[in-house]
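Residue numbers (my numbering), protein chains in the order written: chain A, 440 to 772; chain B, 440 to 772; chain C, 440 to 772.
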């Protein structure tokens with residue numbers, strides 16, 4: 440799984456990525472972004488994978504992740520087929536998930552999937568392996584599972600932001616919001632273990648604090664962390680604050696009403712307390728936890744983070760199809 | 440706005456197009472159509488913009504305009520991403536329109552939009568300018584606003600039809616139907632001011648007559664016009680009759696029932712009264728105001744008008760991306 | 440219609456295909472599959488039709504057929520535009536089907552359609568001919584009509600499976616299931632007349648047996664057939680068994696409840712009775728009539744049959760656009 444020299448196939452879990460793989464992927468992403476800036480480079484990218492076809496199977500809607508993946512495919516010339524509308528696929532109701540998936544694998548070269556069901560991406564990958572269809576599965580989020588490409592784009596954004604300052608190693612990263620139910624903070628936290636001397640600060644009301652299982656895992660892997668419900672006491676210690684929204688869709692009895700946005704949001708006052716070189720991240724879409732007026736601050740990194748998501752997905756597809764060698768040498772712009 | 444030598448960027452309003460720009464665009468459209476007729480030319484068009492990506496954001500459904508724009512993109516090799524189904528974008532309900540739009544602009548090179556909200560296209564263009572994202576906005580119709588690409592394809596159809604007869608200059612154009620609420624007659628009327636000695640005749644029942652604001656604008660700009668509710672008295676004076684349908688979707692209390700199709704429709708009897716060289720136009724879809732039997736008359740120009748819509752959109756995209764120079768020299772067929 | 444030397448245009452009915460055309464198409468399909476196995480060949484396919492645009496008009500949902508056709512287009516570089524969601528096309532409700540179809544034909548080079556209405560594909564082809572739009576119509580299933588591309592992929596699967604054993608000629612083919620209402624068995628049966636000494640066995644409960652009209656047609660064309668409701672008595676006589684599902688969607692009063700799956704399904708016990716070289720086919724999706732455990736048996740041919748569907752559609756598009764000559768010489772892998 441974590442042998443960085445072997446090619447990537449299924450992409451299911453952020454923990455597949457060891458430090459070498461992460462550094463490698465970040466380097467490739469930067470190289471591709473540089474290439475794409477020139478017309479010649481953008482056209483060269485187009486010629487990499489025009490003979491490949493992707494299925495975007497998004498029965499759990501996420502327009503942002505969808506658009507990011509689809510355009511990543513288009514950047515490489517990959518043709519895309521989509522199933523986004525649950526009603527389009529209603530006829531499949533009479534069919535087992537396995538049969539539907541096997542059908543998809545009859546027509547395309549890679550399946551990118553986002554579903555409600557927990558573990559469906561891994562289950563799909565297992566099926567492909569068992570029936571020996573050479574079709575990689577890319578997990579674009581399934582249920583509450585780890586969301587690997589989000590974690591990768593977050594890592595890339597951190598690395599780029601701390602370029603010239605030693606990268607992620609030694610940094611202090613705060614996570615704020617509904618840490619209990621969101622999957623982005625969780626996935627990224629796992630990957631922080633790959634870096635040296637990183638400190639994590641989980642900032643949330645008691646009832647929304649990061650799950651014990653992850654905290655234990657961090658402790659067991661020697662990652663420094665602390666938990667707090669006092670945002671303002673921590674702001675000046677952070678190199679990055681990763682803000683997340685309330686996961687209201689998982690409410691069973693109005694839990695979200697208990698979340699006090701006045702104490703857990705980023706606006707002008709919080710920006711004032713945040714160090715000069717720190718950055719503000721957010722996986723978007725945002726709610727009241729992130730004031731739009733923060734957008735104009737140079738430390739606001741979330742829009743760049745969003746674009747990074749497309750580029751790291753391009754790099755991932757290049758890795759999956761093993762065409763890195765075919766990239767032209769990009770002269771740095 | 441109306442400097443025809445500067446490149447096009449946002450396309451929001453027909454009034455952006457002065458006479459030189461219109462002539463230029465019509466010439467380019469004809470050149471592209473000629474090119475596309477040969478296999479070699481069609482393939483050359485494909486290679487113009489394969490490295491560009493378009494978003495078709497059509498939350499106000501219009502399959503016709505959608506198909507026309509998507510295929511215009513495809514003709515140039517542009518990859519397209521769509522949001523057509525309002526329910527697909529339902530997750531964006533919790534997000535501001537500005538954030539959604541900014542997200543789109545993270546992934547694509549041009550946003551073509553058709554929405555219910557009045558002024559949303561201009562608002563989007565302003566946002567792009569403010570945040571300095573170099574992503575042009577193309578208005579494919581928003582609310583009751585001007586619908587620039589419809590007006591441009593109408594101009595092109597008129598110019599082509601009057602080729603060898605001095606073009607649009609000096610012609611008499613009739614508009615018939617629900618002129619009060621339709622936007623096509625309105626948009627085209629504005630552009631008629633760009634031509635010399637054009638006469639406009641607005642033919643409609645009193646309650647559906649063209650709005651006073653437009654009539655005043657025409658008067659203020661020296662454009663000859665008259666209003667009438669007597670179709671048959673005017674038919675033999677027209678070089679073109681632009682027929683439009685009832686805008687029932689804007690009814691608030693059954694106004695459309697008042698419209699008398701017997702007095703305001705084109706069929707065999709009206710064709711007989713229409714001069715030999717005159718043409719019949721319609722933006723489609725049609726209702727009872729235009730008899731399908733007119734289709735077989737050589738003066739029926741609406742199906743060609745529909746196809747012209749795709750071609751002028753191709754030309755517009757060529758202008759927006761500034762690749763006119765890359766077009767091969769087409770030998771006229 | 441059945442002159443195999445003339446190019447294909449509209450594809451409406453399996454009966455358009457005489458023996459020479461079938462052999463020709465099967466040969467082309469195999470050639471294309473071989474080509475696509477190498478990167479060079481796959482890229483060569485991409486360059487065949489990038490300047491062509493297809494409309495996939497699927498108002499009767501069928502994700503499988505849709506995916507198969509869309510990816511067949513993509514394999515050849517054809518750009519696709521889709522109307523899948525009936526609500527997307529709701530605006531067309533006010534427009535005649537003829538006007539909508541004519542609109543589609545304004546923008547694309549081929550229309551692939553699947554609709555509820557009986558005979559709509561032929562009606563559409565007639566319209567194109569009448570208005571002289573050179574846009575071929577491909578019937579991807581309309582109502583209870585013949586479904587030509589399904590029949591073609593079935594023929595191809597049979598031919599490939601009996602390669603080295605004389606092909607389809609002289610074979611005994613069983614059809615099992617809801618033969619009365621399904622269209623696949625019906626369409627394939629017509630094509631079996633093109634082969635020498637084929638025997639057809641229709642295996643179904645009395646109430647679901649193949650229609651009298653088809654049986655009379657077979658008799659009139661000298662095709663051997665028999666009908667039975669005893670699956671186990673026939674299994675050892677078959678070279679292929681074509682299993683089909685219950686067509687519950689056509690129930691008017693719970694007829695499907697009468698179907699006894701215990702007597703009409705394929706599982707381990709039936710496999711044991713089926714000869715060594717026989718094959719099991721199914722158009723998919725499957726219901727209880729086909730045990731998933733059959734999948735692991737080498738005689739299970741339905742997943743390959745499904746993939747064949749994409750390849751024969753590629754071959755069909757190559758024929759329609761007359762670019763067979765442009766295919767590179769494939770060296771057999």
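Even glycine gets a Cβ: it sits at the ideal position worked out from N, Cα and C.
So that I know if they touch, is there some Cβ in chain B lying closer than 8 Å to that of residue i?
i	result
residue 470(C)	no
residue 489(C)	yes
residue 546(C)	yes
residue 571(C)	no
residue 452(C)	no
residue 510(A)	yes
Is residue i close to chain C? Criterion is C-beta to C-beta, closer than 8 Å.
i	result
residue 485(B)	yes
residue 529(B)	Only weak support exists for where residue 529(B) lies, its pLDDT of 45 falling under 50; the value from the coordinates is given anyway. Closer than 8 Å: no.
residue 675(B)	no
residue 505(A)	no
residue 588(A)	no
residue 481(B)	yes
residue 615(B)	no
Leaving out five residues on either side along the sequence, give the residues of the same chain with a beta carbon under 6 Å from the beta carbon of residue i.
i	result
residue 681(B)	614 and 720
residue 747(A)	592, 595 and 596
residue 658(B)	none
residue 465(B)	595 and 598
residue 514(B)	484 and 753
residue 644(C)	668
Report the neighbours of residue i on chain B: residues whose CB is nearer than 9 Å to its CB, in chain order.
i	result
residue 522(C)	502 and 506
residue 553(C)	The contacting residues do not exist; residue 553(C) stays about 17 Å from chain B at best.
Check for me: the alpha helix (DSSP H) holding residue i runs from which residue to which?
i	result
residue 600(B)	587-600
residue 494(A)	Unbroken run through residue 494(A) is the beta strand (DSSP E), 492-497; no alpha helix (DSSP H).
residue 624(C)	623-631
residue 567(C)	559-569
residue 471(A)	458-476
residue 541(A)	536-546
residue 651(A)	651-659
Counting only C-beta atoms, is residue i closer than 8 Å to chain A at any point?
i	result
residue 492(C)	no
residue 538(B)	yes
residue 746(C)	yes
residue 498(B)	no
Tell me which same chain residues have a C-beta within less than 8 Å of the C-beta of residue i, skipping the five on either side of it?
i	result
residue 555(C)	498, 499, 581 and 582
residue 727(A)	700 and 704
residue 480(A)	473, 474, 767 and 769
From what residue to what residue does the beta strand (DSSP E) around residue i run?
i	result
residue 665(C)	663-667
residue 638(B)	638-642
residue 501(B)	That residue, residue 501(B), is in no beta strand (DSSP E); it is neither H nor E in DSSP.
residue 579(C)	576-581
residue 613(C)	611-615
residue 679(B)	679-682
residue 486(B)	Unbroken run through residue 486(B): none, as it is neither H nor E.
residue 676(A)	First-last for residue 676(A): undefined, no H or E at that position.
residue 551(C)	549-554
residue 522(A)	518-522
Can you find a heavy atom of the ligand ATP that lies under 7 Å from the Cβ of residue i?
i	result
residue 743(A)	The ligand ATP is absent from the structure shown, which contains no ligands of any kind.
List, in chain order, every chain B residue whose beta-carbon is nearer than 7 Å to that of residue i.
i	result
residue 534(C)	724
residue 541(C)	742
In its own chain, which residues sit with a C-beta less than 7 Å from the C-beta of residue i, not counting the 5 before and 5 after it?
i	result
residue 765(C)	487
residue 770(B)	Reliability of the predicted coordinates at residue 770(B) is poor, the pLDDT of 49 falling under 50, and the value obtained from them is presented with this limitation in mind. Within the same chain, residue 770(B) has no close Cβ partners at all.
residue 686(C)	617, 620 and 621
Quick one: which chain C residues come within Cβ less than 8 Å of residue i?
i	result
residue 513(B)	492, 518 and 520
residue 749(B)	545 and 546
Which residues in chain A sit within 9 Å of residue i, going by Cβ to Cβ distance?
i	result
residue 478(C)	490
Practice item. May I have a chain-ordered list of the alpha helix (DSSP H) segments no shorter than 4 residues that lie completely inside the stretch 688-766 of chain B? Key: Runs of the alpha helix (DSSP H) lying entirely within the stretch 688-766 of chain B, each at least 4 residues long, are 707-712 and 741-759 in chain order.
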